[in-house]
Structures are given as C-alpha cells and as structure tokens.
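Data first, discussion second: the structure below is written as structure tokens.
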C-alpha cells in the first residue's frame with residue numbers, strides 16, 4: 002500500500018471487542034488508527050503494541066471536554082480523518098425497564114448517544130471543511146427492532162439511527178454518514194445480554210475482516226443508508 006492509499010481512521014472504544022478487532026485489522030492492512038478508550042491501562046498496552054503514527058488516548062466519551070482535547074490532538078497530528086467510527090457503547094444489565102437504576106440508564110445514554118454526539122461535534126467541522134470522509138455510527142439490530150429487558154440499549158441505538166440519518170442530510174456532497182448494524186458477535190457486551198449463548202456466534206477477529214472491507218468501501222453513494230455487516 003502506498004502512503005496515498007493509507008487512510009486515517011478514528012475509532013472510539015478501541016480497547017476490546019469490536020473496536021480492538023477493527024484496530025488490529027486496519028493496522029495490519031497499513032492504515033493509521035487514532036483511537037480512544039476509557040481504560041488507561043488498556044490504552045497503554047495499545048501504545049506498546051502500535052507505535053506512531055498510530056495514536057491512542059484514554060478518553061471518556063461521555064465527558065465533552067476530554068473528547069474536545071483528544072480531537073484537537075488528533076487533528077493537529079493527522080488532519081481530518083478519512084473514516085470516523087463511533088463504536089464506544091455500554092449495554093444495560095438485562096432487566097424490565099422499571100427495574101433499571103436511574104444511574105445505569107443515564108450512564109448508558111451519556112456514552113451511547115451523547116458520547117457519539119461529542120465525537121461528531123469535535124471532528125466533523127474539519128471533515129466538512131475538507132469536503133470528504135465517511136462517518137460510521139455503530140447501531141445494532143436493536144436499533145431497528147426491540148427485545149425485552151434491553152430497553153435502555155434499544156433506546157440508545159434507535160437514537161443513533163435517527164441522529165445518523167438526519168446528519169446524512171446535512172453533509173456536503175462527497176461525504177457519507179451511515180448507521181451500521183455490526184451483526185451478532187461474541188463479545189463481552191453480547192455476553193451481558195445472552196450469557197453463555199453468545200459463544201455460538203462469530204468471534205471479533207473473523208468479523209473484523211468483513212467489517213473493515215465494508216468500512217473501507219464506503220463512499221458518498223452510501224450516505225444515509227442503514228447498513229449491516231453480513232456474516
């Protein structure tokens with residue numbers, strides 16, 4: 002891959018699960034990843050594994066000031082990203098809605114919805130000014146359907162669907178914003194909802210090969226389209 006073909010990719014929630022799998026796959030293909038995660042120890046391990054030009058930072062996306070500082074650092078070092086992936090998210094512990102503690106619901110919305118908004122707010126101006134790039138906000142099958150005992154998570158992902166498709170109508174020609182259903186993958190998050198049944202589904206590394214193919218192939222023609230990673 003030539004330097005001109007290499008992409009600058011910003012990903013939230015890179016310390017485990019799908020975020021880590023995408024990071025590993027993108028770097029293996031020669032792209033530059035600028036990622037964040039809340040856990041400082043996990044971020045330090047990523048820095049040890051992947052040196053510059055890759056950049057990893059300990060950021061809580063629910064805290065706007067931290068997102069702003071991180072975005073300023075990434076933009077100063079690399080300029081606007083070619084691909085921005087809002088992946089960071091929380092899952093509620095399964096329970097009827099009226100039994101979900103207020104604090105747990107609030108934290109989930111702070112990360113899954115307000116966190117995605119903060120990332121967009123601080124990266125999009127530079128991308129819009131340049132006039133190109135793709136934004137992928139991770140949704141879920143539960144952003145297009147519902148199940149019992151995951152109402153907070155469903156609410157957050159339905160919000161991501163609406164936010165992303167509305168954003169798509171605001172972007173200039175040449176850009177794309179896409180809500181993406183990643184599919185069913187055996188991650189810590191899925192195990193929170195499905196327990197041992199999660200083990201029967203695909204692992205993140207296998208999933209990442211197909212997901213990265215899709216991500217790197219996005220263009221303006223996909224703008225506003227609700228997409229999914231097919232198994």
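In our numbering, the protein residues as written are 2 to 232. Glycine included, each C-beta is placed from N, C-alpha and C at the ideal position.
Please classify residue 26 as buried or exposed, where buried requires at least 16 other C-beta atoms within 10 Å of its C-beta. If you draw a 10 Å sphere on the C-beta of residue 26, you find 16 or more other C-beta atoms in it, and that means buried.
Run through DSSP, which three-state label would residue 176 get? It is a strand residue.
Indicate the three-state DSSP secondary structure (helix, strand or coil) for residue 1 in the structure shown. With the chain represented from 2 up to 232, any question about residue 1 goes unanswered, as that position is not in the structure.
Reducing DSSP to helix, strand and coil, say where residue 9 ends up. DSSP, read as helix, strand or coil, puts residue 9 in strand.
Spatially closest choice to residue 180 from 22, 68, 13 and 138, by CA coordinates: Put simply, of 22, 68, 13 and 138 the residue whose alpha carbon is nearest the alpha carbon of residue 180 is 138.
Inter-residue CB distance, residue 50 and residue 35 (contact presumed, cutoff 8 angstroms): The beta carbons of residue 50 and residue 35 sit about 15 angstroms from each other, so the pair does not count as a contact at 8 angstroms.
Would you call the stretch 142-152 and the stretch 125-134 touching, i.e. three or more CB-CB distances under 8 angstroms? Output reads no: the stretch 125-134 does not touch the stretch 142-152.
Under a three-way DSSP split, which group does residue 56 fall into? When secondary structure is reduced to three states using DSSP, residue 56 falls in the strand class.
Rounded straight-line distance, which links the Cα of residue 104 to that of residue 172: The straight-line gap separating the alpha-carbon atoms of residue 172 and residue 104 is approximately 34 angstroms.
Tell whether a beta-carbon distance below 8 angstroms holds between residue 92 and residue 209. No. Outside cutoff.
Per the contact definition of three or more C-beta pairs closer than 8 angstroms, is the stretch 70-80 in contact with the stretch 99-118? With fewer than three CB-CB distances shorter than 8 angstroms, the stretch 99-118 does not count as touching the stretch 70-80.
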